[in-house]
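Report on the following structure.
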Amino acid sequence: MESFAGPRAVFATSTNQYIAVRCVCAAAASVLELELMSAFRGVATTAMQGAAGLLLLFAGWGMRDLGEFFANPIRTGFVVLIVLGAALAVILRVETQPIRKGLLATKRQGVELGILLALSVLLLAFLPFADRHELLVVQSPAIAFGIRGIGLVLCGAGGTIRLLALQRLGPQFSAYVTLQPGHRLVQDGIYRRIRHPLYLSLLMVPGGIALVFASQLALPILTLSLIFVADRIRKEERLLVEGFGAEFCAYRARTRMLIPGVL
Numbered sequence: 079m080e081s082f083a084g085p086r087a088v089f090a091t092s093t094n095q096y097i098a099v100r101c102v103c104a105a106a107a108s109v110l111e112l113e114l115m116s117a118f119r120g121v122a123t124t125a126m127q128g129a130a131g132l133l134l135l136f137a138g139w140g141m142r143d144l145g146e147f148f149a150n151p152i153r154t155g156f157v158v159l160i161v162l163g164a165a166l167a168v169i170l171r172v173e174t175q176p177i178r179k180g181l182l183a184t185k186r187q188g189v190e191l192g193i194l195l196a197l198s199v200l201l202l203a204f205l206p207f208a209d210r211h212e213l214l215v216v217q218s219p220a221i222a223f224g225i226r227g228i229g230l231v232l233c234g235a236g237g238t239i240r241l242l243a244l245q246r247l248g249p250q251f252s253a254y255v256t257l258q259p260g261h262r263l264v265q266d267g268i269y270r271r272i273r274h275p276l277y278l279s280l281l282m283v284p285g286g287i288a289l290v291f292a293s294q295l296a297l298p299i300l301t302l303s304l305i306f307v308a309d310r311i312r313k314e315e316r317l318l319v320e321g322f323g324a325e326f327c328a329y330r331a332r333t334r335m336l337i338p339g340v341l
């Protein structure tokens, strides 16, 4: 009997090892599949957002005369910024999915965000339309070129700030003022100096887009953005005090809201 115990034990051990290896491989495959699916969703979401923005711009200008659109180097640079921003978002695996309702009721916020989205879509189509037909635009070519250049810089800087903030927030990012399950207070990266970089980008980019198209609506757009951002910051900071207490109060005491050392 003992002469058969050794081979049986070896066989049993080999079988267990084989099963363990299969389990590990299956688990690794599942993780890889989830990672690939997540990456694919991220790429698809970013590509759709970028494509939708470009489509609105081109439709507003007029699809039959895009040559004139690209004749202006600032407008061309703006399109390049959109494409580069989308590519960087994919490379950095930035979270661009804004619909995460989290732990709080968000019905009223949904209405507000719906209005904001509708206004954004309208402006993305109207601004190039107005530029082409010279409606509410700066008439002096020299001044208009300078204004367009300032707008392009604002869009580039605001887009960079947004990417840096989204990279730090990860899956905690949401267009809603809410907290996600297991939410942590992000205090590193761009959040080391300012508490609301996403809202800073929201002040820079919409007005910047208006300037890219030499629009006289830049100041009204900035004013509306300021009102929206001030209200959101007030609500968000109140929520963070409730959610994180002394930790957030200490973080707030050593940082600025929007501009390091200023505001």
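Count the sequence shown with the working numbering and you get residues 79 to 341, in order.
Think of the CB as a built atom: it goes at the ideal place given N, C-alpha and C, for glycine as much as any other residue.
{"Asked": "CB-CB under 7 Å to R246, same chain, minus the five flanking residues each way: which ones, in chain order?", "Found": "V264, D266, G267, I268 and Y269"}
{"Asked": "Opposite V215 in the DSSP bridges: which residues?", "Found": "S293"}
{"Asked": "Thinking just about the alpha-carbon of each residue, which of L194, L289 and I221 is nearest to the one in V349?", "Found": "Residue 349 cannot be examined here, being either before or after the span of the chain that is shown, 79 to 341."}
{"Asked": "Between the segment 270-281 and the segment 172-191, do three or more beta carbon pairs fall short of 8 Å?", "Found": "no"}
{"Asked": "Is it true that the segment 229-247 meets the segment 313-326, where meeting means three or more beta-carbon pairs spaced less than 8 Å apart?", "Found": "no"}
{"Asked": "The alpha helix (DSSP H) spanning R153 covers which residue range?", "Found": "P151 to I169"}
{"Asked": "Quick one: what's got a C-beta closer than 8 Å to S252's C-beta in the same chain, skipping five residues either side?", "Found": "P176, I177, R178, K179, G180 and Q258"}
{"Asked": "If we call anything under 9 Å between Cβ atoms a contact, is G44 one with S279?", "Found": "A question about residue 44 goes unanswered here, because the residues of the chain that appear run from 79 up to 341."}
{"Asked": "With a cut-off of 8 Å on the beta carbons, I'd call S303 and G285 a contact; round off their distance for me.", "Found": "7 Å"}
{"Asked": "Report buried or exposed for G260, applying the criterion of at least 16 other Cβ atoms within 10 angstroms of its Cβ.", "Found": "exposed"}
{"Asked": "Would you check if the segment 285-299 and the segment 209-226 touch, i.e. whether three or more CB-CB distances between them fall below 8 Å?", "Found": "yes"}
{"Asked": "Alpha carbon to alpha carbon, how far is G128 from T154?", "Found": "15 Å"}
{"Asked": "For A137, which residues from the same chain have a beta carbon less than 7 Å from its beta carbon, with the 5 sequence-adjacent residues on both sides left out?", "Found": "A203"}
{"Asked": "Pick helix, strand or coil for R273, following the three-state DSSP scheme.", "Found": "coil"}
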